[in-house]
Amino acid sequence: MAELEDPSSFAAPDCCRTHHLHLRCRVDFESRSLRGTAALTVRAERDNLRCVVLDTKDLTIHKVVVNRQEAQFALGQHHSFKGAPLEITLPFELGKGQDVIVEVSFETSPRSSALQWFTPEQTSGKRHPFLFSQCQATHCRAVLPCQDTPAVKLTYYAEISVPNELVALMSARRDGDLPDPEESTRKIYRFIQNVPIPSYLIALVAGALESREIGPRTLVWAEKELVDKSAHEFAETEAMLKTAEDLAGPYVWGQYDLLVLPPSFPYGGMENPCLTFVTPTLLAGDRSLSNVIAHEISHSWTGNLVTNKTWEHFWLNEGHTVYLERMIGGRLFGEQFRHFQALGGWRELQNTINLLGNTNPMTKLEICLKEVDPDVAYSYVPYEKGFALLLYLEQLLGGKDIFMGFLRAYIQQFAFKSIRTEDWKNFLYAYFKDKVDVLDTVNWNAWMNAAGMPPVKPTYDTTLSNACSALCQRWIKATESNLNSFSSADIAEMSSHQHIEFLALLLLEDPLPVSHVRQMQQVYNFNAVNNSEIRFRWLRLCIQAKWEDAIPLALKMATEQGRMKFTRPLFKDLYKFDKSRDQAISVFQQHKASMHPVTEKLVAKDLGLDGQTAKPLQT
Ligand code: BES
Ligand code: ZN
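Taking our numbering, the leading residue of the sequence shown gets 5, the next gets one more, and so forth.
This is the structure in structure tokens:
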């Protein structure tokens, strides 16, 4: 069972809670640091409070001032992924409900795990430096001292100084810019976030960014080279927002902007409030990867309004968000499409559990993160096991309209709060109080606390996936002598979603003989496809088939973009193949200095280079 406090944070929200942050800082590309002050409005949660503990990671603390009085502080021992607690002794005692302003002067490390710094040469435009942050799950503490637990929600105001040529953006409404009174070569950008958010949703970017308006509340931001392509790719955003509001309730954040990051951005998307961050690997040209936008939009309710109290309940964020994402997809592209995506999710869950092992504790819905790094625990399980549970409940309780009624009520009930799985379950039972007998037929223990696949498979409409499984079966059963029965016509009528699913199904099977993948290249020419989801699965299939010609292509994709969903499996497959193992390691060594810090950490681990999981080299 998960314990009551947050195992991923040193903060003690039962002692005091931060309600507001006033951040002032200077982005310094020369020293690769943020330097400034974080003034936290902290409220005592109990009487006789003399101490405030904040999370930090690789921060230098210069000074702490409490209500204008300098205060004593000490940094505790550094923990490998949690960082170090900053223990501040208050100059006076606080009673329950009293507020103080704790102002910490700090500086980040050039190796902050939350930040990636780019030289001008590493950007598309080649003329200006670039910086972005990624705080989820536990990296906000590597940007600023804070109670870095999603149990605490705060509003913020920020003033960020950047060189004149750059634009700064944050996960907040823009509140204008002005010349920096201290340096004529700089500007200060101001931001306001009036909705209380957990620390992991604090985000910052600085770069030569341009914007295009793509909807009444949406600008898309990117470097000049990508901004028009991005505006075209994400043109469905307003339709998705309207659909989401119709499903989930009013959108409370005002603006919904999109930011397209450099290719090393480690995730598909990140739901930073008012400004979703996305990978440029979504730029397929045909809007076929827009489900990621539907997903990040959905987090505006599930995740950003209703938040997991600790990362052990991450499935609450992601499971409900995937459910909403697929409801949006269903409204816009039809119910058969919703089921196609849902079944693809089940297949993805199967794939993940095969890989992690069906007794692995990380395949449970509710997990234990005591001494476990959330970055290492990250997988599709909370997304797809969570989604499967919700789809199963939808079908058990009378269909999607009835279940959406529950989801809307759940959002209303818990908006602006942080909750645990038991809060969700109690509310489910309260909402369906007339169907308790039905709910009691659910094998809760198996769903929540057992490793491996769920105890029940929901039912899926297979109309759109039949063509994918049929073609997959043809390839599995094909012999050398009938390989010539395949032709480009096999896939000509299929959508790119179906191409993805076809390849994903093949990846669940034993590797194909190299003759088969060669022939597949002959007839389908997947080498020429730039859609990242197709290319990724195709190259994995080739490497798993031990086709040496694919090695340079796979190495190229693994390094030219850094979305961990693609980069980690590609590196792992290349490492497993004896013909590419040494290259995989040397290419990683060459690239790691310019990789995102989290990607670097996890790929090193996957390649046995982290000193802990070192595997002996095969000879
Ligand atoms: N919030 C997540 C990304 C994340 C999770 C970052 C945990 C750091 C720690 C985001 O909403 C997400 O789930 N992105 C997916 C999108 C997909 C499920 C449609 C991704 O990055 O692939
Ligand atoms: Zn998500």
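Ideal Cβ positions, reconstructed from N, Cα and C, are used throughout, including at glycine.
Check: Can you give the beta carbon distance from GLY390 to TRP448, rounded, assuming they're within the 8 Å contact cut?
Finding: Position 386 of the sequence shown, counting from 1, holds the residue named residue 390. Position 444 of the sequence shown, counting from 1, holds the residue named residue 448. With 8 Å as the limit, GLY390 and TRP448 do not qualify as a contact, their Cβ atoms being about 14 Å apart.
Item checked: Rounded separation between VAL69 and PHE110 - CA only -> Here residue 69 corresponds to residue number 65 of the sequence shown, with the count starting at 1. Here residue 110 corresponds to residue number 106 of the sequence shown, with the count starting at 1. So the two alpha carbons sit approximately 12 Å from each other.
Check: If we ignore side chains and look at the alpha-carbon of each, how far apart do VAL527 and SER492 end up?
Finding: The residue given as residue 527 occupies position 523 in the sequence shown. The residue given as residue 492 occupies position 488 in the sequence shown. Taking the straight line joining both Cα atoms gives about 5 Å.
Checklist line | Other residues of its chain near GLY566: CB distance less than 8 Å, five sequence neighbours each side excluded | finding: Translated into the one-based positions of the sequence shown, residue 566 becomes position 562. So the qualifying residues of the chain are PRO267, SER268, PHE269, PRO270, MET599, HIS600, THR603.
Notebook entry, point to check: What are the uninterrupted segments assigned as beta strand (DSSP E) that are 3 or more residues long and contained completely in the segment 97-124, given in chain order?
Noted result: Within the segment 97-124, the complete beta strand (DSSP E) segments of 3 residues or longer fall at 103-112, 119-122, listed in chain order.
Next item on the list: From the DSSP output, read off the bridge partner residues of CYS29.
Entry: By 1-based counting over the sequence shown, the position of residue 29 is 25. Paired residues: GLY40, ILE164.
Notebook entry, point to check: Looking at ILE196 and ALA176, is the spacing between their C-beta atoms short of 8 Å?
Noted result: If you number the sequence shown from 1, residue 176 lands on position 172. If you number the sequence shown from 1, residue 196 lands on position 192. In this structure, ILE196 lies closer than 8 Å to ALA176 by Cβ.
Item checked: heavy atom of the ligand BES below 7 Å from LYS368 C-beta -> By 1-based counting over the sequence shown, the position of residue 368 is 364. Result no, Cβ not under 7 Å from the ligand BES.
Note to self: On the DSSP bridge list, what partners appear for LYS596?
What the structure shows: Counting from one through the sequence shown, the residue named residue 596 turns up at place 592. Answer by DSSP bridge pairing: none, since LYS596 is not bridged.
Next item on the list: For the alpha helix (DSSP H) holding ASP59, just list the boundary residues, first then last.
Entry: On the sequence shown, residue 59 is found 55 positions in, with the first residue counted as 1. Where ASP59 is concerned, there is no enclosing alpha helix (DSSP H), although the beta strand (DSSP E) it sits in stretches over 53-60.
Check: Should ILE301 and LEU245 be called a contact, given that it needs their Cβ atoms to be closer than 8 Å?
Finding: Numbered from 1 along the sequence shown, position 297 holds the residue referred to as residue 301. Numbered from 1 along the sequence shown, position 241 holds the residue referred to as residue 245. Taking 8 Å as the Cβ cut-off, ILE301 and LEU245 qualify as a contacting pair.
Item checked: Per-residue DSSP class, three states only, for PRO284 -> Counting from 1 along the sequence shown, the entry for residue 284 is found at position 280. It is helical.
Notebook entry, point to check: Tell me the DSSP bridge mates of GLU214?
Noted result: Here residue 214 refers to the residue found at position 210 of the sequence shown. According to DSSP, GLU214 bridges with ALA226.
Margin query: Considering only the alpha carbon of each residue, which of ARG424, PRO277, GLY272 lies closest to LEU208?
Written below: Mapped onto the sequence shown, residue 208 falls at position 204. Of ARG424, PRO277, GLY272, the residue nearest in Cα terms is PRO277.
Margin query: Quick check on this structure: which residue in THR93, LYS191, LEU8, PHE122 has the alpha carbon closest to the alpha carbon of ARG36?
Written below: In the sequence shown, residue 36 corresponds to position 32, counting from 1. For ARG36, the nearest C-alpha among the options comes from PHE122.
Note to self: Which of the three DSSP states is assigned to PHE85 in this structure?
What the structure shows: For the purposes of this step, residue 85 is identified with residue 81 of the sequence shown, where counting begins at 1. Reduced to three states, the DSSP call for PHE85 is coil.
Note to self: Quick check on the burial criterion: 16 or more other C-beta atoms within 10 angstroms. Buried or exposed for LYS560?
What the structure shows: Looking up residue 560 in the sequence shown gives position 556. Exposed is the label assigned to LYS560, since fewer than 16 other Cβ atoms lie within 10 Å of its Cβ.
Margin query: As a quick check of your reading: which residues have a C-beta less than 6 Å from at least one non-hydrogen atom of the ligand ZN, in chain order?
Written below: HIS299, HIS303, GLU322, THR325
Next item on the list: Out of THR563, ARG145, LYS580, state which residue places its alpha-carbon closest to the alpha-carbon of TRP551.
Entry: Here residue 551 refers to the residue found at position 547 of the sequence shown. When each option's Cα is compared against that of TRP551, the closest is LYS580.
Next item on the list: Quickly, what does DSSP pair CYS150 with across the bridge? List them, please.
Entry: Looking up residue 150 in the sequence shown gives position 146. Answer is ASP59, bridged to CYS150.
Note to self: Please classify ILE480 as buried or exposed, where buried requires at least 16 other C-beta atoms within 10 Å of its C-beta.
What the structure shows: For the purposes of this step, residue 480 is identified with residue 476 of the sequence shown, where counting begins at 1. Burial call: exposed.
Next item on the list: Return helix, strand or coil for LYS130, following the three-state DSSP convention.
Entry: Residue 130 sits at position 126 when you count from the first residue of the sequence shown. If DSSP states are grouped into helix, strand and coil, LYS130 belongs with coil.
Margin query: Output needed for GLU537: all residues of its chain with C-beta closer than 6 Å, excluding positions within five of it in sequence on either side, in chain order.
Written below: Position 533 of the sequence shown, counted from the start, is the residue given in the question as residue 537. Counting only Cβ-Cβ distances below 6 Å, and skipping sequence neighbours, we find ILE504.
Item checked: Length at least 4, wholly inside the segment 381-440: the alpha helix (DSSP H) runs in chain order -> Within the segment 381-440, the complete alpha helix (DSSP H) runs of at least 4 residues fall at 385-401, 404-418, 425-435.
Next item on the list: Report the three-state DSSP secondary structure of VAL264 (helix, strand or coil).
Entry: Against the sequence shown, residue 264 aligns to sequence position 260. It is a strand residue.
Margin query: Taking the straight line between their C-alpha atoms, what separation do you get for HIS66 and CYS150?
Written below: One-based indexing of the sequence shown puts residue 66 at position 62. One-based indexing of the sequence shown puts residue 150 at position 146. If I take the Cα positions, the gap works out to 15 Å.
Notebook entry, point to check: Using DSSP with H/G/I as helix, E/B as strand and the rest coil, what is HIS299?
Noted result: Taking the first residue of the sequence shown as 1, we reach residue 299 at position 295. Three-state DSSP puts HIS299 in a helix.
Next item on the list: Tell me whether the beta-carbon of LEU611 lies closer than 8 Å to the beta-carbon of ALA588.
Entry: As a first step, residue 611 is located in the sequence shown; it is residue number 607 there, counting from the start. As a first step, residue 588 is located in the sequence shown; it is residue number 584 there, counting from the start. Taking 8 Å as the Cβ cut-off, LEU611 and ALA588 qualify as a contacting pair.
Note to self: If you reduce the DSSP assignment to three classes, tell me which class TYR204 lands in.
What the structure shows: In the sequence shown, the residue the question calls residue 204 occupies position 200. Helix, per DSSP.
Check: If you draw a straight line from the alpha carbon of GLU163 to that of ASP441, how long is it in whole angstroms?
Finding: Residue mapping note: residue 163 aligns to position 159 of the sequence shown, counting from 1. Residue mapping note: residue 441 aligns to position 437 of the sequence shown, counting from 1. GLU163 and ASP441: Cα-Cα distance of roughly 55 Å.
Note to self: Counting only beta-carbon separations shorter than 8 Å, does PHE195 have a partner in chain B?
What the structure shows: Of the chains in the structure shown, none is chain B; there is only one protein chain.
Notebook entry, point to check: GLN640: beta carbon under 7 Å from a heavy atom of the ligand BES?
Noted result: Missing from the structure shown is residue 640; the chain here goes from 5 to 623 and no further.
Check: Given a threshold of 16 other Cβ atoms within 10 Å of its Cβ, counted over all protein chains shown, does GLN138 qualify as buried or as exposed?
Finding: What you label residue 138 is simply residue 134 of the sequence shown in a count that begins at 1. The residue in question, GLN138, is buried, as its Cβ has 16 or more Cβ neighbours within 10 Å.
Note to self: Can you tell me which residues form a DSSP beta bridge with GLY20?
What the structure shows: Here residue 20 refers to the residue found at position 16 when the sequence shown is read from its first residue. Looking at the sequence shown, residue 20 is not Gly but Cys. Per DSSP, ALA48.
Notebook entry, point to check: With a cut-off of 8 Å, do at least 3 Cβ pairs link the segment 23-37 to the segment 154-162?
Noted result: yes
Next item on the list: Note down the Cα distance separating PRO462 from PHE506, rounded to an integer number of angstroms.
Entry: For this step, residue 462 is matched to residue 458 along the sequence shown. For this step, residue 506 is matched to residue 502 along the sequence shown. So the two alpha carbons sit approximately 21 Å from each other.
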